[in-house]
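In my numbering, the protein residues as written are 29 to 586.
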């Protein structure tokens, strides 16, 4: 039965009946039914946000600690080359993180949204086999390249790093299958285990002075453990789904192939605009290998801030794909809500980070990385647009309209390469940072203009303006403090002052509304008891009417 027929004849009538059972005394059953689905989506997004956030927090926290230890141990010169090789390994695995895995996520979510597990099972198995072949080819080609080009001092480490491509590529398919099923909690055990292994091996490498080989070994162990703990349980679960011996829709093969090719094309362009292609230009246009380390350190700090917007966007994206399979008319409203909370979680964070980035580099990495201070202060402003990429990209992918993303990225790639090529010989890492930031700003601006016009997305402009005003004022307060104190004192004092100032200004400007209380109340209901008081205090400081209202309990999902 086609998905749209199934939804019309079975899925929607069934959900209406379930809703009416919960609201027997309400005459306006269709209105209640719609509100019920909205609450259901909100709770699923919240649940996925918690699990996705925990996974990302563990990953980013452990990698941040280890990256600081590695940078201090190796210094900017050795760090520059090993970062370059890690970037090459990440490029190879990135080709496997977009085309096939994104296809897995989109089409599994679509058919799971229609309660068609048999087709979803087929999609997972077929894409996993294709990914295994691609992973083998990518690993072999990368090894041939490094054996021919790597300097002898870095050859062993480079080989170990590139061997990690194979498990990493296969891991992406299972991870996206869990996202498609809106079971983001299933991704957590693998992240916990792999990060623990990585932390142990990298600390051994630092304290026992294993150098670049130790760093490469830690990366390989992390990816292999991640593969073993994630792929096997996911495959076991999906194989239990009843295949039903049903015929696969003929149009599905063509749709999946077209979507995968478009995703792969967008991935190639993404590597130029979104994935630090400037490292290649720095390697060949700058005589100072330390510039690679300076650029990487600055962007590592800035992109760590993406954890908060990415957590919400990733969880909302999982529900967006499923919602597109149920009722695509609701998707623009979901995108508008994403804009609202991405604005709240990203703009203040990045604005405050600008004056704090310089002291953070000196405090964490030491004076040997003083050359990265200017880049680190520019990076938060230039990375900010990337926080708004996921919702619009998910919208185009769900609608199978990736051509907009491809053309916008093509245009931005010329801007990136042109600016970086002109500025790197004179300004090094700062020139690379400016080129990357300008390209990302242009690309995301184009994508949102197209999306707003094509899908009639109701953007909350007044809300955005108020958040920007509060964020700029808080950033200025932090700058006034950090400019008169030492790195450590300025970092902590300026950070606390800016956070309090931003929360108070959000209250004074009347940014948040009653609907925000209703959503944040669900957050409070999901928090561990130890976190309820601090979260309630922060929300009260922002002006939410929380004094006389009890935290509502979540209704069970149906």
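In this text, a Cβ means the ideal position worked out from N, Cα and C, and glycines have one as well.
{"Item": "Own chain, CB closer than 7 Å to residue 485, minus 5 neighbours either side, in chain order", "Value": "360, 363, 364 and 479"}
{"Item": "Separation of residue 209 from residue 154, as counted between CA atoms", "Value": "17 Å"}
{"Item": "Residue nearest to residue 498 in terms of C-alpha spacing, selected from 508, 531, 286 and 475", "Value": "531"}
{"Item": "Validate contact between the segment 326-338 and the segment 387-403 using beta carbons, cut 8 Å, 3 pairs", "Value": "yes"}
{"Item": "Residues of its chain near residue 50, where Cβ-Cβ distance is below 6 Å and the 5 sequence neighbours each way are ignored", "Value": "Bear in mind that a pLDDT of 43 at residue 50, under 50, signals an unreliable position, so the number given afterwards is only what the model happens to contain. Cβ within range, chain order: n/a, list empty."}
{"Item": "CB of residue 399 within 7 Å of CB of residue 322, strictly", "Value": "yes"}
{"Item": "Span of the alpha helix (DSSP H) around residue 423", "Value": "417-426"}
{"Item": "Residue 373, DSSP secondary structure in three states", "Value": "helix"}
{"Item": "Residue range of the alpha helix (DSSP H) that includes residue 473", "Value": "457-483"}
{"Item": "Same chain only: Cβ atoms within 6 Å of residue 488, ignoring 5 sequence neighbours per side", "Value": "368"}
{"Item": "Under the three-state DSSP convention, the category residue 272 falls into", "Value": "coil"}
{"Item": "Between the CA atoms of residue 513 and residue 505 - distance to the nearest angstrom", "Value": "13 Å"}
{"Item": "Integer-rounded CB distance, given that residue 413 should sit under 8 Å from residue 371", "Value": "The pair is not a contact, with the Cβ atoms about 12 Å apart (cut-off 8 Å)."}
{"Item": "Residue 149 to residue 266 span [Cα, whole Å]", "Value": "6 Å"}
{"Item": "Extent of the continuous alpha helix (DSSP H) run through residue 397", "Value": "Counting along the chain, residue 397 falls outside any alpha helix (DSSP H), and DSSP gives it neither H nor E."}
{"Item": "Residue 357, enclosing alpha helix (DSSP H) - first and last residue", "Value": "Premise fails: residue 357 is in no alpha helix (DSSP H) and is neither H nor E."}
{"Item": "Anticipated Cβ contact below 8 Å, residue 382 with residue 408, distance rounded", "Value": "5 Å"}
{"Item": "For residue 495, three-class secondary structure by DSSP", "Value": "helix"}
{"Item": "With 16 other Cβ atoms within 10 Å as the buried cut-off, status of residue 134", "Value": "buried"}
{"Item": "Nearest-angstrom Cβ-Cβ length linking residue 163 and residue 194, presumed shorter than 8 Å", "Value": "5 Å"}
{"Item": "Selected residue, minimal CA-CA separation from residue 103, among 262, 393, 529 and 285", "Value": "393"}
{"Item": "7 Å Cβ shell around residue 184 - same chain, five flanking residues per side excluded", "Value": "241"}
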